[in-house]
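Q:
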Amino acid sequence: MPKIDHKPAGGSKKLYLAGVNFCSQRFPNVEDVLQRFRAPDSAGGVVTIPYKRTMIPLLDGSDELAQKLGACNNVYLTEDGKLRSANTDWICIKGCLLSGLNQNEIRHVATGRPALIIEAKGASRAASCVCTAWRA
2 MPKIDHKPAG
12 GSKKLYLAGV
22 NFCSQRFPNV
32 EDVLQRFRAP
42 DSAGGVVTIP
52 YKRTMIPLLD
62 GSDELAQKLG
72 ACNNVYLTED
82 GKLRSANTDW
92 ICIKGCLLSG
102 LNQNEIRHVA
112 TGRPALIIEA
122 KGASRAASCV
132 CTAWRA
């Protein structure tokens, strides 16, 4: 069993204070992560670097966006025991870009205006996907 890190991970303190049952664990390799996700008491979990990209081909399936971006940040166990991944980074990015805007302002933002994305990892791919979807 991997060492359990009892310090709440970033953002997890609120979950801890609210009494949500969770734990933060560190794993030395992706095989150990997969073994933990497949455990009978697991529903899945959140995936961070360095496993966001390496995990996808090892799973039973992924949502369309995780496939398109080549990165996942959530892994869940389906009712039939399959491990699937999803990428939900785009939801947060879109929410941040649109927070506080009314419908007219959203249309203005989404009409071919340039966006600057500063990063070259998984979240930047999700940001690019959000901006590309607006152009469609």
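The opening residue of the sequence shown carries number 2 in the numbering used here; numbering runs sequentially from there.
Beta carbons: idealized from backbone N, C-alpha and C, even for Gly.
Can at least three beta-carbon pairs, one atom from the stretch 100-108 and one from the stretch 71-78, be found at a separation below 8 Å?
A: The stretch 100-108, when compared against the stretch 71-78, does not touch it at the 8 Å Cβ threshold.
Q: DSSP state of residue 101, grouped into three classes?
A: By one-based count along the sequence shown, residue 101 stands at place 100. Three-state DSSP puts residue 101 in coil, outside helix and strand.
Q: Excluding five sequence neighbours on each side, which residues of the same chain lie with their C-beta closer than 7 Å to the C-beta of residue 47?
A: Start at 1 with the first residue of the sequence shown, and residue 47 comes out as number 46. Closer than 7 Å at Cβ, skipping near neighbours: 74, 75.
Q: Assess contact between the stretch 50-67 and the stretch 20-33, defined as three or more Cβ pairs (one per stretch) separated by less than 8 Å. Is contact present?
A: Contact holds: three or more Cβ-Cβ distances are below 8 Å.
Q: Is it right to say residue 38 is buried, meaning 16 or more other beta carbons lie within 10 angstroms of its own, or is it exposed?
A: Here residue 38 corresponds to residue number 37 of the sequence shown, with the count starting at 1. The residue is buried, with at least 16 neighbouring Cβ atoms inside 10 Å.
Q: Rounded to the nearest angstrom, what separates residue 7 and residue 45 at their Cα positions?
A: Your numbering for residue 7 matches position 6 in the sequence shown. Your numbering for residue 45 matches position 44 in the sequence shown. Reliability fails at residue 7, whose pLDDT of 39 lies under 50, so the model's placement of it is uncertain and the value that follows must be treated cautiously. The alpha-carbon atoms of residue 7 and residue 45 are separated by roughly 18 Å.
Q: Which residues bound the alpha helix (DSSP H) around residue 67?
A: In the sequence shown, residue 67 corresponds to position 66, counting from 1. 65-70 is the span of the alpha helix (DSSP H), which, as asked, contains residue 67.
Q: How would you label residue 97, buried or exposed, when you count the other beta carbons within 10 angstroms and need 16 or more for buried?
A: Counting from one through the sequence shown, the residue named residue 97 turns up at place 96. Looking at its Cβ environment, which holds fewer than 16 other Cβ atoms inside 10 Å, residue 97 is exposed.
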